[in-house]
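Notes follow once the structure below has been shown.
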Amino acid sequence: MVESEAGLRLSDQFTKVNTCDLAEASPAIEQLQGHFFARPRAGIVSSVEPVYVRAASCGHVAVSTFKFGRTVDIEPQGLAGALLVTTAIAGRAGVALRGGTHGIDTGATFVSHEEDAPTFLYGVDTEVLKLRFDRRRFEEFAFKVHDQAPAGPLRFDYLMSRPDAGARWTSLLRFVVATLNTSAACTPSSMELASMEELLMLTLLSIQPSNYHADPVSRISKVSPRQFRQAVEYINDHLESDLRLTDIADAAACSIRSLTRAFHQASDTTPMQYVHGLRLQRVKADLALSTLQQKTIADIAYHWGFRHLGEFNRKYREAFGETPSQTRQRKALS
Numbered sequence: 001m002v003e004s005e006a007g008l009r010l011s012d013q014f015t016k017v018n019t020c021d022l023a024e025a026s027p028a029i030e031q032l033q034g035h036f037f038a039r040p041r042a043g044i045v046s047s048v049e050p051v052y053v054r055a056a057s058c059g060h061v062a063v064s065t066f067k068f069g070r071t072v073d074i075e076p077q078g079l080a081g082a083l084l085v086t087t088a089i090a091g092r093a094g095v096a097l098r099g100g101t102h103g104i105d106t107g108a109t110f111v112s113h114e115e116d117a118p119t120f121l122y123g124v125d126t127e128v129l130k131l132r133f134d135r136r137r138f139e140e141f142a143f144k145v146h147d148q149a150p151a152g153p154l155r156f157d158y159l160m161s162r163p164d165a166g167a168r169w170t171s172l173l174r175f176v177v178a179t180l181n182t183s184a185a186c187t188p189s190s191m192e193l194a195s196m197e198e199l200l201m202l203t204l205l206s207i208q209p210s211n212y213h214a215d216p217v218s219r220i221s222k223v224s225p226r227q228f229r230q231a232v233e234y235i236n237d238h239l240e241s242d243l244r245l246t247d248i249a250d251a252a253a254c255s256i257r258s259l260t261r262a263f264h265q266a267s268d269t270t271p272m273q274y275v276h277g278l279r280l281q282r283v284k285a286d287l288a289l290s291t292l293q294q295k296t297i298a299d300i301a302y303h304w305g306f307r308h309l310g311e312f313n314r315k316y317r318e319a320f321g322e323t324p325s326q327t328r329q330r331k332a333l334s
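The numbers in full-length UniProt numbering rise by one with no breaks, and the one at position 51 of the sequence shown is 51.
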């Protein structure tokens, strides 16, 4: 594991707490994460460094980075309908559950539920990124994915143990944190944040084992040609807006899983890849319009939903074999 996952740390603009006094920090922490008990680790004399807490939101998901600056055990007093996903950014974290105590290396992720009565174990140099999901909202989304409810409260395996799953999750977290960190210069819209919330839930459902058992592929409801047309029409009608998978599936009156399979069969792509491809085509078309020559490439990209120019330029070049600037220059000379 790496010694530090700096790309998972919220920037200073989100600082809520910066003090060496844990008692002073506690009200702000409880406002973010609920009531808790903090206990010094038995038999360990710990140095004391500042408590750092940074917090932002991604739709209905509370995103926080914590560093307690001492060896301490944090025992939440009821997670109040929340589901916590914790990723170690620096140092070595841990979690004590009814079934035992588990150490977590930097970069590793674990999932916590209220019925587990978790206690989080931190050292002086431990820093973590926490995502706090509304569990009921997550369950409602899971139903929309497959048109099937979990057997009881949605429950994931406590540790993200597969390397491929951990790598995929960490990559997504880097994207979310980078988006939030650049929000001072380019504030994400509420729909954009909702889309990221949806992506976080969909990814966790697909990579982390849970008590949610989806039907086999053979039993996925087939999307009719009419439903597929409705999905495509909805995408085209809302291409300038922030689009979510949930909205597209609702427009086609089908589950997200059925919708995804229909797009794969029709065009060997996913619904959101289809959306991004159409938006790139619209950008390319706008770059060729003489009436839009006064608009910057960034303005045109932003209009079509691309908030991060580096990522936009990479995708544009992959799609068309040239940069946006080269497209504009070529059209100007033709």
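Backbone N, C-alpha and C fix where the C-beta goes; we use that ideal spot for every residue, glycine too.
Inset, instruction - For G123, count neighbouring C-beta atoms within 10 Å of its own C-beta (all shown protein chains included) and say buried if the count is 16 or more, exposed if not. - result: buried
Legend entry - Beta-carbon proximity list for A251, same chain, < 7 Å, skipping 5 on both sides: Q230, A231 and Y234
Inset, instruction - Can you grab the Cα-Cα spacing for the pair T323 / E311, in whole Å? - result: 12 Å
Inset, instruction - Mark H35 as exposed unless 16 or more other C-beta atoms lie within 10 angstroms of its C-beta, in which case mark it buried. - result: Burial is judged here by how many other beta carbons sit within 10 angstroms of a residue's own beta carbon; H35 has fewer than 16 and is exposed.
Legend entry - Opposing strand residues paired with G94 [DSSP bridges]: G103 and L121
Legend entry - Runs of alpha helix (DSSP H) lying entirely within the UniProt domain "HTH araC/xylS-type" (229-330), each at least 4 residues, in chain order: Listed in chain order, they are 245-252, 256-267, 271-287, 297-303 and 309-320.
Legend entry - Beta-bridge partners of R168, as assigned by DSSP: DSSP lists no beta-bridge partner residue for R168.
Legend entry - Residue from Q77, R136 and F120 whose Cα sits closest to the Cα of L97: F120
Legend entry - Exposure of S255, with buried meaning 16 or more beta-carbon neighbours within 10 Å: buried
Inset, instruction - Less than 8 Å between the CB atoms is what I'm expecting for V111 and F156, so what's the real figure, rounded? - result: 4 Å
Legend entry - Status (buried if at least 16 other CB within 10 Å, exposed otherwise) for P118: Within a 10 Å sphere around the beta-carbon of P118 sit 16 or more other beta-carbons, which makes this residue buried.
Inset, instruction - Pair every Cβ in the segment 162-172 with every Cβ in the segment 273-285, then say whether three or more of these pairs are closer than 8 Å. - result: By the Cβ rule, the segment 162-172 does not count as touching the segment 273-285, because fewer than three pairs are nearer than 8 Å.
Inset, instruction - Could you check what DSSP says for L154 in three-state terms: helix, strand or coil? - result: coil
Inset, instruction - Would you mind working out which of L245, D116 and R136 sits nearest L95, comparing C-alpha positions? - result: In the sequence as presented, Leu is not what sits at residue 95; that position holds Val. V95 has its Cα closest to that of D116, out of L245, D116 and R136.
Inset, instruction - Look at the alpha carbon of S210 and the alpha carbon of L204, and state the distance between them as a whole number of angstroms. - result: Cα to Cα, the separation comes out at about 10 Å.
Inset, instruction - With a 10 Å radius around its C-beta and 16 neighbouring C-beta atoms as the bar for buried, classify H264 as buried or exposed. - result: Result: exposed.
Legend entry - Own chain residues within Cβ distance below 6 Å of I297, not counting five before or after: P324
Legend entry - CB of S65 within 8 Å of CB of A93, strictly: Note on residue identity: the sequence assigns Thr, not Ser, to residue 65. No, these two residues do not count as a Cβ contact at 8 Å.
Legend entry - V48 versus A90, K67 and F37, residue with shortest Cα-Cα distance: K67
Inset, instruction - Report the partner residues of D134 according to the DSSP bridge assignment. - result: A82
Legend entry - For V145, the three-state DSSP class (helix, strand or coil): helix
Legend entry - As assigned by DSSP and simplified to three states, the class of T109: strand
Inset, instruction - Could you tell me which residues DSSP puts in a beta bridge with T87? - result: T109 and L129
Inset, instruction - Sort K130, S183, E139 and H113 by Cα distance to L173 and report the nearest one. - result: Minimum Cα distance to L173 is reached at K130.
Legend entry - Nearest to R105 (by Cα), restricted to the options H113, E114, G99 and A88: The residue asked about is misnamed: residue 105 is Asp in this sequence, not Arg. For the residues H113, E114, G99 and A88, the minimum Cα distance to D105 belongs to A88.
Inset, instruction - Might you give, ordered along the chain, the residues of its own chain that have their beta carbon closer than 6 Å to the beta carbon of V217, omitting 5 neighbours on each side? - result: Residue placement at V217 is flagged as unreliable, the pLDDT there being 46, under the threshold of 50; the coordinate-derived value follows with that caveat. Counting only Cβ-Cβ distances below 6 Å, and skipping sequence neighbours, we find nothing.
Legend entry - As assigned by DSSP and simplified to three states, the class of S210: strand
Legend entry - Residues bridged to E75 (per DSSP): F37
Inset, instruction - Could you give the DSSP three-state label for L199: helix, strand or coil? - result: helix
Legend entry - Closest by C-alpha distance to K144, when choosing among T86, H113 and E198: E198
Legend entry - Cα-Cα separation between L159 and V72, rounded to whole angstroms: 21 Å
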